[in-house]
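Chemist: If you read the sequence shown in our numbering, its first letter stands for residue 589, the second for the next number, and so on.
Glycine included, every Cβ here is placed at the ideal spot set by N, Cα and C.
Quantities reported herein were computed from a predicted structural model and do not represent experimental measurements.
Got a structure here, written out as structure tokens. Questions coming.
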Amino acid sequence: MLQELEVQTIAITPTAVQAVQNILNERKLEGYALRVYVAGGGCCGVNFGMALDNNFQDTDTTVDANGIKLVVDQDSMEYLSGATIDFVNDPQHGQGFAINSPNARKQS
């Protein structure tokens, strides 16, 4: 009997999509994707990192999101499933990408 597994994907806001597209266009990086990964952790949960990448592995999960590709390695997917990526412009803290993940506090 086959079992259905519910897999939550990663969401990316239109503002974040536009920011990634702008960076890719400015740098003329055709064929690149936004790689999102776990960059360490501590007592308060995991930290995420991002990079523009065109070196994809067979074990990577790819998500097509409104014209850009997100790539996540197998180990990081556990923490990024159900996450939302946004691009914020806060007058006090500056601008940049923000990841909100319900799994960021998971303990292994």
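#1: Give the DSSP-derived three-state secondary structure of D646 in the structure shown.
#2: Quick check on A692: does DSSP put it in helix, strand or coil?
#3: Would you say T601 and T672 are within 8 Å of each other, going by their C-beta atoms?
#4: Scan the segment 618 to 684 and note each continuous beta strand (DSSP E) run of 3 residues or more that stays entirely inside, going in chain order.
#5: The alpha helix (DSSP H) that contains I598, what's its start and end?
#6: Looking at the strands, I want to know which residues DSSP matches up with I687.
Modeler: Result, derived from the coordinates:
#1: coil
#2: A692: coil per DSSP, three-state reduction.
#3: yes
#4: 621 to 630, 633 to 641, 649 to 653, 656 to 660 and 672 to 678
#5: Per DSSP, I598 belongs to no alpha helix (DSSP H) and is neither H nor E.
#6: Note: I687 sits in a beta bridge opposite I673.
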